[in-house]
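S.K.: Each residue of the sequence shown is one higher than the one before, counting from -6 in our numbering.
Ideal Cβ positions, reconstructed from N, Cα and C, are used throughout, including at glycine.
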Amino acid sequence: MMQLSSLRRWFVVFGGMVLLLSPIVHGQHRADWLKSAGWGVMTHYLADWRARVDGKPMSSEIWNEMIDQFDVDGLAGELASVGAGYYILTIGQNSGYYLSPNATYDRFVGIRPGKCSKRDLVLDIARALNKRNIKLVVYLPSGAPAGDSLARKALDWRNGADRNNDFQIKWEQIIREWSLRWGENIAGWWFDGCYWPNTMYRPTEPPNFASFAEAARAGNPANIVAFNPGVVYRLLSVTPHEDYTAGEIDLPDRISIRRASGGQIDGAQLHILSYLGEKWGMGAPRFTSDQIIGWSTL
-6 MMQLSSLRRW FVVFGGMVLL LSPIVHGQHR ADWLKSAGWG VMTHYLADWR ARVDGKPMSS
54 EIWNEMIDQF DVDGLAGELA SVGAGYYILT IGQNSGYYLS PNATYDRFVG IRPGKCSKRD
114 LVLDIARALN KRNIKLVVYL PSGAPAGDSL ARKALDWRNG ADRNNDFQIK WEQIIREWSL
174 RWGENIAGWW FDGCYWPNTM YRPTEPPNFA SFAEAARAGN PANIVAFNPG VVYRLLSVTP
234 HEDYTAGEID LPDRISIRRA SGGQIDGAQL HILSYLGEKW GMGAPRFTSD QIIGWSTL
C-alpha cells in the first residue's frame, strides 16, 4: 500500500479570513463554506516528481500501479485527524499523467497507452473525504502539460501571451468531462498559470473566463473557482467569474490585503496558498507552529 509518509510534504491553504458575499447558488454564496472551513491542506501527487525520487522513468504501467495502491482512507483519516476543513489535490501538472480517466483528453492527445489513470483516484479520494465532512478542491494548470511535447502539440498549445483559442476550446472540453464525472463529489477548482488573462481569457467571445468557469461548474454549479496569475503579494481577484482568490504566496509575511470589504476583495473570497517546506514539495518546515496557527486563524 502507498506509504502515507510520502504525503507528508504538505502545503497549507487558508480560506475564510472573513465572510464573502459571492455569487449565489440555491440561495447560498458559493464560497461561504471557506469561512467555516478556515484552513486546508494541499499536496502534489505527481508522476514526474515520483520518478525523480525513485530515479527511474515513469510509465503508464507504473503510474497505474501507484494509483491502484493509493490508500484513500488512510489519507482522509490523516486529514481529519489534523482538523483540515478542505483538501486541494493535483489532478496532474507537467508530466501529462493524471489521477483520473478522461476519454476526451485521450481522444485529443492520442498517446497509447494513455497517461490518464484507469482508477478514478480523484473520485475515490473525494468520497473518502466527504464521509469525514472534508471538501475536495482539484488543482489543474490552465495550459497543456509542459513536460509532454506530444500533448502540447496535439492540444495546439502555444506558450506565452497568445490567444490560444484552439487549445482553450479543447481544454474546456477536457475539464467539462472531469466536472461531469465528479459532480457534487468535489467542491471547487484551482487553476494554475493564468499568466496572460487579458490575452487569453478577457475577450468578449468564448473561450474566455466565463466559458472556462462554466466548464468547471458543468457537473456542480456550486463549484468554487479560482484563477492563479502567479505569485502576487497583494491579494487580487482577476475576474468576476472566480469565487475566491488563488492567493499563491511564497513569503506569507509579505501579504498585502487592501480595500477589502465585508471579507471580500472585489467580489472574491479572501484565500491564500503557500508551502510549508523550503519550496513546493520539498524541504523541512520553514515556519514555527505558532506562525502556522497565527496565519490559519486570521
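With DSSP collapsed to three states, give me the class of V102.
M.R.: Three-state result, V102: helix.
S.K.: Counting Cβ pairs closer than 8 Å, one from the region 163 to 179 and one from the region 107 to 121, do we hit at least three?
M.R.: At 8 Å Cβ cutoff, the stretches touch.
S.K.: Among the candidates A40, Q62 and R227, whose CA atom is the shortest distance from the CA of D246?
M.R.: Looking at the Cα atoms, R227 is the closest of the given residues.
S.K.: Is the separation between the beta-carbon of V130 and that of L82 shorter than 9 Å?
M.R.: Cβ distance < 9 Å, so V130 and L82 count as in contact.
S.K.: If I follow the unbroken alpha helix (DSSP H) through P190, where does it start and stop?
M.R.: First-last of the alpha helix (DSSP H) with P190: P190 to M193.
S.K.: Give the DSSP-derived three-state secondary structure of E241 in the structure shown.
M.R.: In this structure, E241 counts as strand in the three-state DSSP scheme.
S.K.: Once the 5 residues before and after S(-1) are set aside, which same chain residues still bring their CB inside 7 Å of it?
M.R.: Confidence is the limiting factor: at S(-1) the pLDDT is only 37, short of 50, which leaves the residue's position unreliable, though a coordinate-based value still follows. Contacts found: none.
S.K.: Where do the N-terminal and C-terminal ends of the beta strand (DSSP E) with W42 fall, by residue?
M.R.: W42 -> not in any beta strand (DSSP E); alpha helix (DSSP H) instead, spanning A40 to D47.
S.K.: Taking only the alpha-carbon atoms, compute the straight-line gap between A147 and V75 and give it to the nearest angstrom.
M.R.: Answer to the nearest angstrom: the Cα atoms are 42 Å apart.
S.K.: Below 9 Å between beta carbons: does that hold for G221 and G186?
M.R.: The residue you asked about is not Gly; residue 221 is Asn in the sequence shown. Yes, these two residues count as a Cβ contact at 9 Å.
S.K.: Just to confirm my understanding: we take A73, look at its own chain, exclude 5 residues before and 5 after, and list those with CB closer than 8 Å. What are they?
M.R.: Closer than 8 Å at Cβ, skipping near neighbours: R125 and I127.
S.K.: Using 9 Å as the threshold, is the C-beta distance between S204 and P138 below it?
M.R.: Not in contact: S204 and P138 (Cβ atoms no closer than 9 Å).
S.K.: Bridge partners for Q257 per DSSP, in chain order?
M.R.: According to DSSP, which records beta bridges pairwise, Q257 is partnered with S254 and Q262.
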